[in-house]
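In what follows, a structure is listed as C-alpha cells, so that the remarks can point back to it.
2 protein chains.
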Amino acid sequence: MRDNKQNEIESNQSLHGKVFDQLKNGILNGKYKHGDLLNEVKMAEEMGVSRTPVREALRQLELEGLAAYTPNKGVVVRGLSREDIKDIYQIRLMIEGMTARRAAENITEEELAELKEYIELEEFYTGRDDVKQLSRLDSCFHETIYKACGSRLLTKTLKAFHHYVKSVRDISLSCPERAKETYSEHKAIYEAIRDRDRELAEILMEQHVRNATAFMEKQNYEKTS
Amino acid sequence: MRDNKQNEIESNQSLHGKVFDQLKNGILNGKYKHGDLLNEVKMAEEMGVSRTPVREALRQLELEGLAAYTPNKGVVVRGLSREDIKDIYQIRLMIEGMTARRAAENITEEELAELKEYIELEEFYTGRDDVKQLSRLDSCFHETIYKACGSRLLTKTLKAFHHYVKSVRDISLSCPERAKETYSEHKAIYEAIRDRDRELAEILMEQHVRNATAFMEKQNYEKTS
DNA sequence: TATTGTATAATTGTATACAATATTAAAAAC
DNA sequence: GTTTTTAATATTGTATACAATTATACAATA
Numbered sequence: 026m027r028d029n030k031q032n033e034i035e036s037n038q039s040l041h042g043k044v045f046d047q048l049k050n051g052i053l054n055g056k057y058k059h060g061d062l063l064n065e066v067k068m069a070e071e072m073g074v075s076r077t078p079v080r081e082a083l084r085q086l087e088l089e090g091l092a093a094y095t096p097n098k099g100v101v102v103r104g105l106s107r108e109d110i111k112d113i114y115q116i117r118l119m120i121e122g123m124t125a126r127r128a129a130e131n132i133t134e135e136e137l138a139e140l141k142e143y144i145e146l147e148e149f150y151t152g153r154d155d156v157k158q159l160s161r162l163d164s165c166f167h168e169t170i171y172k173a174c175g176s177r178l179l180t181k182t183l184k185a186f187h188h189y190v191k192s193v194r195d196i197s198l199s200c201p202e203r204a205k206e207t208y209s210e211h212k213a214i215y216e217a218i219r220d221r222d223r224e225l226a227e228i229l230m231e232q233h234v235r236n237a238t239a240f241m242e243k244q245n246y247e248k249t250s
Numbered sequence: 026m027r028d029n030k031q032n033e034i035e036s037n038q039s040l041h042g043k044v045f046d047q048l049k050n051g052i053l054n055g056k057y058k059h060g061d062l063l064n065e066v067k068m069a070e071e072m073g074v075s076r077t078p079v080r081e082a083l084r085q086l087e088l089e090g091l092a093a094y095t096p097n098k099g100v101v102v103r104g105l106s107r108e109d110i111k112d113i114y115q116i117r118l119m120i121e122g123m124t125a126r127r128a129a130e131n132i133t134e135e136e137l138a139e140l141k142e143y144i145e146l147e148e149f150y151t152g153r154d155d156v157k158q159l160s161r162l163d164s165c166f167h168e169t170i171y172k173a174c175g176s177r178l179l180t181k182t183l184k185a186f187h188h189y190v191k192s193v194r195d196i197s198l199s200c201p202e203r204a205k206e207t208y209s210e211h212k213a214i215y216e217a218i219r220d221r222d223r224e225l226a227e228i229l230m231e232q233h234v235r236n237a238t239a240f241m242e243k244q245n246y247e248k249t250s
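As given, the protein sequences belong to chains A and B, one line each in that order. The opening residue of the first sequence carries number 26 in our numbering; numbering runs sequentially from there. The opening residue of the second sequence carries number 26 in our numbering; numbering runs sequentially from there.
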C-alpha cells in the first residue's frame, strides 16, 4: 500500500502532542463531555506524564475552541452543539467547492495517484460495508484535496473543521446506501479533478457536501422525532 | 464612551497570554521575520519570564499557523506570503457575506447600538485622517458583526483570519480616499443589518471585501512595479 | 437559620532542575 | 587537505518545586 502517512493523524512524538490528540479525541468521542472540568493533575496522572505537557496541550485545545479557559480556574470542555455542527457544514459548503476548483488547477500527479488509490480502496470496502476503513478513506480523500489546492491557509482551516466532521461522519457511513452514494460522488469529483475541469469539480464538491449535510440532518431528525 | 472591551484585544492577564500576544504582534509587525528561529531561552529572557509560559505560547502560535514546530529542534516563524494574503481575502469573501446575512437575522439591539457607535466614530476620525483609530474601529466593526452572526465557530474562524487582515489593513486606511470609501461602505452595511435586510447585507459585505481586496492588490502592484 | 470570617486544602501559575536530543567544534584518521 | 569521530555546548523535553490564587469546610456571629 502506498505511503499516506501525511493523511493519517500526525501522532506527534512529543508528549504534549500525544496528550493533545488524546484530549481532542476524548472530547469528540464523548469521553469528556461538555462542561467537564479538565483538572491538570488528574489528566497528568491519567496519562502518566507531568503537568507541563498537559498544560501545553490544554492551551492548544483552548485555541482550537474545544475548551474554554478561565485564568486561575481551569479549562472546561466546550463540546459541539447541534448548531455548531450545522455551522461547520455551512462553512464547508462555502469553502470546499473553492478548494476542489483550486485542486483541479494545482494538483500534482503524485497527489492524483493518491486520490485514485483512495477511490479504488473505497470501492473495495464499500462492498464489504467496512465502516471503519471507509471513514478513514473519506478523511484521506478530502484532506488530499485540501493539500492539493495549494493554499496553506485553506488547508489548515479546512483540516481544523475536518476534525469536527470526522466525529459526525461515521454515523452516515454506517448506512450502506449513503456509503455507496459517497463512493460514487467521490469518484465523480476525482474524475473532474483528474480532467482538470475546475467548474465541474467545484459543482460536484458542493453537491457532495450538500448531500452529506442533508443526510446528516435527516438522520438527526429521525433520531429525535 | 461605551464599553467595548470585548472587541479590544483580550489582553490575557496570564504571562503565557502576554507572551503569545507579543509574539503574534511581533510576527505580524515584522519584528520576527519568516524563517527566524524562536529560541525559548532567548524569548524568555527578552520578556523577563521563564521558559514555561513561553513554551505554552509557542504551542499556540504553532496551532495558529504563525510558526512551524519541529520536535527537538524548535519553532521557526512562518510569516505570510503574498499568496497567503490573497487566500485570506478569498476566504473572507466567501464567509463574511454569509456572516453579514446571519447578523441581519440575529443581531441584538445592544450589538446594533455598538455598531452604530463605531460608525459615528469612524466618520469623526475619517475627517481627521487618524489612521490608528480608524484601524481599531475597523476591527471593532467587523468583529462585532462576527459576534452578531450567532455562530461560535464562524466567529472563531473569522477572528483568526482577522489577525492577519489587521496587519495588511493599515496600509489601505492610510489612503484618505480608501478610508472615506471604507466609512461609507461600513455605513451602508450597518443600515442593511439594522433594517434586517439579509440579502442586501450579504451583497454589500461581499462588495466591501471585494473592494478592499482590489485596493490592496493595486497597492501591492504599485509598490512592486 | 443565615451569613460572614478564617483556616485549610486543592488547583493553577511560574520557575527551576535535570534528562534527552541536536548542534557545533575540535581532534583524529585517512 | 578532507573526512570521520568524538567531545563539548546549546537547546529542547519533561518533571518537580514553590508561589499565587481559588475553592471548601467549619466556626463564630447576627
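Ideal Cβ positions, reconstructed from N, Cα and C, are used throughout, including at glycine.
Near-chain B residues of the stretch 148-165 of chain A - C-beta to any C-beta below 9 Å:
none
Asp-109(A): contacting residues in chain B (beta-carbon distance under 9 Å)
Your numbering for residue 109(A) matches position 84 in the first sequence. Under the 9 Å cutoff, chain B gives Ser-176, Arg-177, Leu-178.
Looking only at its chain, what residues have a beta carbon closer than 6 Å to the beta carbon of Val-24(B), apart from the 5 residues adjacent to it on each side?
Residue 24(B) cannot be examined here, being either before or after the span of chain B that is shown, 26 to 250.
Under 7 Å between beta-carbons, which chain A residues line up against Gln-85(B)? List them in chain order, please.
Taking the second sequence and counting its residues from 1, one reaches residue 85(B) at position 60. Neighbours of Gln-85(B) on chain A, chain order: Arg-84, Gln-85, Leu-88.
What distance in whole Å lies between the Cβ atoms of Ile-116(A) and Leu-178(B), which are believed to be in contact at a cut-off of 8 Å?
Residue mapping note: residue 178(B) aligns to position 153 of the second sequence, counting from 1. Residue mapping note: residue 116(A) aligns to position 91 of the first sequence, counting from 1. Rounded, the Cβ-Cβ distance is 7 Å, consistent with contact.
In terms of alpha-carbon separation, which member of Gly-175(B), Glu-168(B), Pro-201(B), Val-66(B) lies closest to His-188(B)?
In the second sequence, counting from the first residue as 1, residue 188(B) sits at position 163. It is Glu-168(B).
Quick one: grab the DSSP three-state call for Tyr-189(B).
For the purposes of this step, residue 189(B) is identified with residue 164 of the second sequence, where counting begins at 1. Looking at Tyr-189(B) - three-state DSSP - the assignment turns out to be helix.
Quick one: give me the first and last residue of the beta strand (DSSP E) that Gly-55(A) is part of.
Here residue 55(A) refers to the residue found at position 30 of the first sequence. No beta strand (DSSP E) holds Gly-55(A); DSSP gives it neither H nor E.
Taking contact to mean at least 3 C-beta pairs separated by less than 8 Å, is the stretch 212-224 of chain A in contact with the stretch 198-216 of chain B?
no
Could you say if the stretch 119-135 of chain B and the stretch 229-242 of chain B meet the contact criterion of at least three C-beta pairs nearer than 8 Å?
yes
Can you look up Glu-35(B) in the DSSP assignment and give me helix, strand or coil?
Here residue 35(B) is taken as the residue at index 10 of the second sequence, counted from 1. For Glu-35(B), the predicted model reports a pLDDT of 41, less than 50, meaning its position is unreliable; a value from the coordinates is still stated below. Coil, per DSSP.
Express the C-alpha separation of Val-190(A) and Glu-206(A) in angstroms, rounding to a whole number.
For the purposes of this step, residue 206(A) is taken as the residue at position 181 of the first sequence. For the purposes of this step, residue 190(A) is taken as the residue at position 165 of the first sequence. Straight-line Cα distance between these residues: approximately 18 Å.
Counting pairs of Cβ atoms below 8 Å between the stretch 138-150 of chain B and the stretch 158-168 of chain B, do you hit three or more?
yes
Looking at the structure shown, is Thr-95(A) part of a helix, part of a strand, or coil, going by DSSP?
For the purposes of this step, residue 95(A) is identified with residue 70 of the first sequence, where counting begins at 1. Looking at Thr-95(A) - three-state DSSP - the assignment turns out to be strand.
How would you write the range of the alpha helix (DSSP H) that Asp-109(A) sits in, first residue to last?
As a position in the first sequence, residue 109(A) is number 84, starting the count at 1. 107-131 is the extent of the alpha helix (DSSP H) around Asp-109(A).
Could you check where the alpha helix (DSSP H) with His-59(B) kicks off and where it finishes?
Working through the second sequence from its first residue, we reach residue 59(B) at position 34. Unbroken run through His-59(B): none, as it is neither H nor E.
For a cutoff of 7 Å on Cβ pairs, would you count Ser-75(B) as touching chain A?
Against the second sequence, residue 75(B) aligns to sequence position 50. Judged by the 7 Å Cβ criterion, Ser-75(B) is not in contact with chain A.
Indicate whether at least one CB of chain B lies closer than 7 Å to the CB of Lys-98(A).
Along the first sequence, one-based indexing puts residue 98(A) at 73. Not one chain B Cβ lies under 7 Å of Lys-98(A).
Quick check on DSSP: helix, strand or coil for Val-102(A)?
For the purposes of this step, residue 102(A) is taken as residue 77 along the first sequence, with counting starting at 1. Looking at Val-102(A) - three-state DSSP - the assignment turns out to be strand.
Less than 7 Å between CB atoms is the rule here; does Lys-30(A) satisfy it with respect to chain B?
Counting from one through the first sequence, the residue named residue 30(A) turns up at place 5. In this prediction, Lys-30(A) scores a pLDDT of 34, lower than 50, which makes its location untrustworthy; no coordinate-derived value is stated.
Closest to Asp-296(A) by C-alpha separation, out of Val-79(A), Ser-39(A), Leu-53(A), would be which residue?
With chain A running from 26 to 250 in the structure shown, residue 296(A) is simply not present.
Go ahead and pull the three-state DSSP assignment for Asn-64(A).
The residue you call residue 64(A) lines up with position 39 of the first sequence. Note: Asn-64(A) maps to coil in three-state DSSP.
Which value, in whole angstroms, describes the spacing of the CA atoms of Leu-159(B) and Tyr-114(B)?
On the second sequence, residue 159(B) is found 134 positions in, with the first residue counted as 1. On the second sequence, residue 114(B) is found 89 positions in, with the first residue counted as 1. Those two C-alpha atoms are separated by around 20 Å.
Excluding five sequence neighbours on each side, which residues of the same chain lie with their C-beta closer than 6 Å to the C-beta of Tyr-57(A)?
One-based indexing of the first sequence puts residue 57(A) at position 32. Here the set comprises Gly-51, Val-102.
Could you give the distance in angstroms between the alpha-carbon of Ala-185(A) and the alpha-carbon of Arg-107(A)?
Along the first sequence, one-based indexing puts residue 185(A) at 160. Along the first sequence, one-based indexing puts residue 107(A) at 82. Ala-185(A) and Arg-107(A): Cα-Cα distance of roughly 18 Å.
Can you list, in chain order, the residues of its chain whose CB lies under 7 Å from that of Met-72(A), leaving out five sequence neighbours each side?
To locate residue 72(A), count along the first sequence from 1; it is residue 47. Answer for Met-72(A): Val-44, Gln-47, listed in chain order.
Buried versus exposed call for Pro-96(B) [16 or more other C-beta atoms within 10 Å across all chains shown]:
As a working mapping, residue 96(B) is identified with position 71 in the second sequence. Looking at its Cβ environment, which holds fewer than 16 other Cβ atoms inside 10 Å, Pro-96(B) is exposed.
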